[in-house]
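J.: Please see the structure below; I have some questions.
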């Protein structure tokens with residue numbers, strides 16, 4: 049029994065040079081094969097490039113999505129520790145403990161305190177400095193772990209998004225700065241907030257905190273210029289590159305001598321290309337974290353930023369890999385392979401068994417069943433086109449999206465097979481041959 053997607057073929061026609069897929073002169077067939085191969089290879093190369101383009105547009109150029117992406121970093125322990133340490137360094141409340149304890153010791157001696165006790169007071173200078181620094185650290189920690197810091201982080205990222213989205217183009221302003229291969233975040237607002245909290249806590253020397261460097265280095269690389277050029281090229285490619293890639297792939301499959309095999313090869317090739325890019329990202333992450341410059345204060349914070357910004361790219365690559373494997377499997381199971389034919393035969397026998405059970409229980413589909421049996425092939429193609437359109441219009445699909453659509457497709461094909469089986473049984477029961485003794 050044949051699949052609704054599998055064209056019936058005669059062995060004589062399969063070997064005949066007049067096959068519908070083999071018409072044309074010899075040089076014409078060779079030209080089509082070469083053109084098909086070139087277009088399919090080009091499609092496999094362009095698929096991961098298209099994924100990069102989508103990432104650039106949806107993360108770098110979309111303010112709301114970017115803010116939603118980096119917002120969880122405000123509660124990331126590594127980011128909290130890095131910002132807290134940088135704030136404490138920037139606040140740098142220095143109290144001259146030696147001078148204060150010396151003045152206090154002299155005053156106490158003038159009031160009749162024994163010299164031994166006065167010297168003991170002088171030795172309290174380190175403890176005084178430590179106590180003040182401890183207060184500063186506690187205030188900074190409390191601020192970083194509060195909702196105020198999360199709101200400040202979100203506001204700063206949204207306000208400075210124009211600088212963030214253009215970081216790869218070399219333009220930086222606001223809280224995010226880009227200069228000579230270094231991307232920095234200005235924590236000046238956070239330092240000012242902590243400074244005020246220290247003053248409110250009674251640490252009056254905090255009022256005299258000088259205006260010092262209050263930046264955290266997020267990224268530094270001497271290859272940033274090359275990255276900027278590559279990002280600009282991806283940005284110029286724009287939204288049309290994914291569409292162009294699909295068109296190139298469709299033309300390549302259409303020109304192929306065996307289109308089903310060409311579709312499977314294209315899908316697997318695109319999946320392998322995305323897998324290579326995903327592996328390259330893992331290698332790049334390890335290399336970057338192993339070669340962090342001294343200006344980066346926290347390796348854990350750098351890893352958190354790297355993983356967060358590339359999360360969408362990784363998810364998209366995994367989605368394309370799974371989609372490619374699913375399409376290749378689908379192309380195989382509608383083909384003439386032994387396992388494919390056995391699977392289709394088993395499904396048809398199951399559908400016929402269910403139809404017999406329904407008939408014995410007076411469950412009939414009437415004209416709907418016979419119409420489905422007559423138009424099963426076109427119904428199947430229609431379901432595939434609808435699900436393909438849903439996937440194309442889905443906003444940022446994931447692996448779960450692909451699996452969900454596959455389950456819907458299998459359910460739809462099962463329903464079509466069952467209704468068609470009842471239709472065949474209804475037609476057989478109503479035929480003159482079945483009415484004969």
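Numbering (our numbering), first residue to last: 49 to 485. C-beta atoms are modelled at their ideal positions from N, C-alpha and C, and glycine is treated no differently.
#1: Should residue 203 go down as buried or exposed, given a rule of 16 or more other Cβ atoms within 10 Å for buried?
#2: What would DSSP say about residue 410, mapped onto helix, strand or coil?
#3: Going by C-alpha distance, which of 363, 419 and 441 is nearest residue 291?
#4: Using a 10 Å radius around the Cβ and a threshold of 16 neighbouring Cβ atoms, would you call residue 470 buried or exposed?
#5: By how many angstroms is the C-alpha of residue 443 removed from the C-alpha of residue 103?
#6: Under 8 Å Cβ to Cβ from residue 106, same chain only, skipping five residues before and after it: list those, please.
#7: Buried or exposed, going by whether 16 or more other CB atoms sit within 10 Å of the CB of residue 464?
#8: DSSP three-state call for residue 473: helix, strand or coil?
#9: Roughly how many whole angstroms lie between the Cα atoms of residue 352 and residue 93?
#10: In chain order, what residues of the same chain have a beta carbon less than 7 Å from the beta carbon of residue 407, not counting five sequence neighbours either side?
#11: Along the chain, where does the alpha helix (DSSP H) that runs through residue 101 open and close?
#12: In three-state terms, what does DSSP make of residue 304?
#13: Could you have a look at residue 466 and say whether DSSP puts it in helix, strand or coil?
#14: Quick check on this structure: which residue in 428, 439, 289 and 468 has the alpha carbon closest to the alpha carbon of residue 458?
#15: Can you name, in chain order, every residue of its own chain whose Cβ lies under 8 Å from the Cβ of residue 475, other than the five neighbours on each side?
#16: Got a sec, what are the start and stop residues for the alpha helix (DSSP H) residue 340 sits in?
#17: Look up residue 359 in the DSSP assignment and say whether it is helix, strand or coil.
#18: Can the beta-carbon of residue 293 be found less than 8 Å from the beta-carbon of residue 91?
#19: Taking 8 Å as the cut-off, does the region 371–382 touch the region 305–318 (at least 3 CB pairs, one atom from each stretch)?
#20: Rounding to the nearest angstrom, what Cα-Cα distance links residue 83 and residue 305 in this structure?
#21: Looking at residue 299: is its Cβ nearer than 8 Å to the Cβ of residue 432?
T.: According to the structure data:
#1: exposed
#2: Under the three-state reduction of DSSP, residue 410 is assigned to coil, being neither helix nor strand.
#3: Of all alpha-carbon atoms in 363, 419 and 441, the one lying nearest the alpha-carbon of residue 291 is that of 441.
#4: buried
#5: For residue 103 and residue 443, the distance between alpha carbons rounds to 13 Å.
#6: 113, 360 and 444
#7: buried
#8: Here residue 473 sits in helix by DSSP.
#9: 29 Å
#10: 473
#11: Here the alpha helix (DSSP H) through residue 101 covers 74–103.
#12: coil
#13: helix
#14: 428
#15: 418 and 421
#16: That residue, residue 340, is in no alpha helix (DSSP H); it is neither H nor E in DSSP.
#17: Helix, per DSSP.
#18: Result yes, Cβ atoms of residue 293 and residue 91 sit closer than 8 Å.
#19: yes
#20: 11 Å
#21: no
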